[in-house]
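S.K.: Please read through the structure below; I'll follow up with questions.
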Amino acid sequence: MPSKKSARLRVVIDTNVLISGIFFTGPPYWILKEWREGAFRIVVSQEIMEEYERVAQEISSRFPSVDIGDVLELIALGAELVDTTSVDVKVCRDPADDKFIACAIAGGARVIVSGDKHLLEVSGYRGITVLRPRAFWEIHLRRKGPGT
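Those letters in the sequence shown? Residues 4 to 151, by the numbering used here.
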């Protein structure tokens, strides 16, 4: 479980990155591994947690051998939950993506990790950088090599 000591780097993780990190190896998996080791802090809103749970349930129905409940519990316990009710953001072409920007603003996160084109298009908004998983890994986490 991530260290209770708050890491300096505060990050919002897009749902698809989280799900990819649970089911596959590669940058999303390495990112979650580094988070569990305390390399950075995940910031979430209630709306994002609900989306994580909904999508995870949909995926797990197709892959019953994978227990994603443990990962969701780890996120719920180890991530920082922020209140986004006072943040009104309408910047993404897909309004469903605005919750990630709102969470970053409310939680003081300067980075969103996502492969979503609508989020990538608004990178730089209010000083928030949107990075693909591999770019986030290369810029912020890579030490010795992939997955180490």
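Just so you know, even glycine gets a beta-carbon here, dropped at the ideal spot from N, CA and C. Only a predicted model underlies this, so the values are computations on that prediction, with no experimental measurement involved.
Taking 6 Å as the limit between beta carbons, can you name the residues of its chain near Val74, skipping five residues before and five after?
M.R.: So the qualifying residues of the chain are Ile25.
S.K.: What first and last residue would you give for the alpha helix (DSSP H) that runs through Ile142?
M.R.: From DSSP, Ile142 is part of no alpha helix (DSSP H); its letter is neither H nor E.
S.K.: Pull up the DSSP beta-bridge partners for Leu134, would you.
M.R.: Bridge partners of Leu134: Val116.
S.K.: Note down, in chain order, each residue of its chain lying with its Cβ closer than 8 Å to the Cβ of Val20, except the 5 sequence neighbours on either side.
M.R.: Excluding sequence neighbours, Val20 sits near Pro31, Ile34, Val116, Ser117, Gly118, Pro136.
S.K.: Assuming Leu134 contacts Glu37 (C-beta within less than 8 Å), just tell me the rounded distance between them.
M.R.: Incorrect: roughly 14 Å between the Cβ atoms, too far for contact.
S.K.: Which residues in the same chain have their Cβ closer than 7 Å to the Cβ of Phe139, if we skip the five residues on either side of it in sequence?
M.R.: For Phe139, where only same-chain residues beyond five positions count, the Cβ hits under 7 Å are Ile34, Val114, Val116.
S.K.: Check whether the segment 101 to 110 touches the segment 122 to 129, taking contact to mean three or more Cβ pairs, one atom from each stretch, closer than 8 Å.
M.R.: Result yes; three or more Cβ-Cβ pairs closer than 8 Å.
S.K.: Kindly list the residues whose CB is nearer than 6 Å to the CB of Ala82, restricted to its own chain and excluding five residues on each side of it in sequence; keep chain order.
M.R.: Once the five neighbours on either side are set aside, the close Cβ partners of Ala82 are Ile45, Val47.
S.K.: Can you tell which of Arg57, Asp86, Leu12, Leu84 has its C-alpha closest to the C-alpha of Gly72?
M.R.: Of Arg57, Asp86, Leu12, Leu84, the residue nearest in Cα terms is Arg57.
S.K.: Look at Arg129 and Ile108 and say whether their C-beta atoms are less than 8 Å apart.
M.R.: A contact, by the Cβ cut-off of 8 Å.
S.K.: Beta-carbon within less than 7 Å of Val90's beta-carbon, same chain only, minus the 5 sequence neighbours each way: which residues are those?
M.R.: Ala105, Ile108, Ala109, listed in sequence order.
S.K.: Quick one: using the 10 Å Cβ neighbour count with 16 as the cut-off for buried, is Ser23 buried or exposed?
M.R.: Ser23 comes out buried.
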